[in-house]
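So that you can map any letter, position 33 of the sequence shown is 37 in the working numbering, and since no number is skipped, the others follow by simple counting.
Here a beta-carbon is modelled for each residue, glycine too, at the ideal position from N, C-alpha and C.
Remember, predicted model here, so these are calculated numbers, not experimental data.
The structure appears below as C-alpha cells.
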Amino acid sequence: MKRVLDKTDEKILEELTRNARLAHNDIAMKVNLSRNAVRLRIERLERDGYIRGYTIIKGGPPSEVAPINALIFVYRKDRMRGAEVVRSIVSMPEVVSCNVMSGDLDIVVTVEAASSDCIHRVWSDISTLPGVLNTVTSFVLSCTK
Numbered sequence: 005m006k007r008v009l010d011k012t013d014e015k016i017l018e019e020l021t022r023n024a025r026l027a028h029n030d031i032a033m034k035v036n037l038s039r040n041a042v043r044l045r046i047e048r049l050e051r052d053g054y055i056r057g058y059t060i061i062k063g064g065p066p067s068e069v070a071p072i073n074a075l076i077f078v079y080r081k082d083r084m085r086g087a088e089v090v091r092s093i094v095s096m097p098e099v100v101s102c103n104v105m106s107g108d109l110d111i112v113v114t115v116e117a118a119s120s121d122c123i124h125r126v127w128s129d130i131s132t133l134p135g136v137l138n139t140v141t142s143f144v145l146s147c148t149k
C-alpha cells in the first residue's frame with residue numbers, strides 16, 4: 005500500500021513534473037528542506053512507485069494528467085495593508101499569475117496543477133492566509149484562445 009503524500013511530497017513531484025532534471029539543491033530551496041532531505045524523499049517516492057525512472061506517475065492515464073487550470077478570486081480583509089497575502093500567493097509554485105484588481109474584486113489568481121486535489125490544496129492554503137476574508141474558485145472548462 006502506497007503512503008499518503010504530504011504537501012512537501014506533492015511540491016517535490018510538481019517541481020519534478022516541470023523539470024525532471026532539477027537538482028536536489030534547487031528543489032530543496034523551493035520546498036524549504038535540506039538537499040539531503042529532498043534526496044531521501046525522492047528515493048522514497050521512487051520506492052513507493054510515484055517516480056519511475058524520469059517519469060512521474062500520478063493519477064491515471066496520460067489523458068487524465070493534463071494540467072488543470074482554475075481561477076481563485078481572493079478578497080482581503082484590508083486591501084491597503086494586505087501585501088503579505090500577495091507575497092504568499094506568488095510564492096506558490098502552482099500560481100501562474102496573480103493580479104491585484106480595481107473595483108469590487110480584489111485579487112485574481114490563475115492556478116495550474118496536475119490534479120483537482122492540488123488545486124484544492126492551493127485554495128486551502130490561500131483561504132487560510134491571515135488577511136484573507138473570502139475566496140471563490142472557478143475551474144476552467146475550456147480555453148478558446
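Between the beta-carbon of residue 42 and that of residue 31 there is about 5 angstroms, and that keeps the pair under the 8 angstroms contact cut. Residue environment for residue 15: buried (at least 16 other C-beta atoms within 10 angstroms of its C-beta).
With respect to the 8 angstroms criterion, residue 139 and residue 76 are classified as neighbours on the basis of their beta carbons.
About 24 angstroms separates the beta carbons of residue 123 and residue 46, which is beyond the 8 angstroms limit, so they are not a contact pair.
Taking each of 85, 48, 105, 88 in turn and checking the Cα distance to residue 7, the smallest one comes out for 48. Residue 19 is a Cβ neighbour of residue 26, given a cutoff of 8 angstroms.
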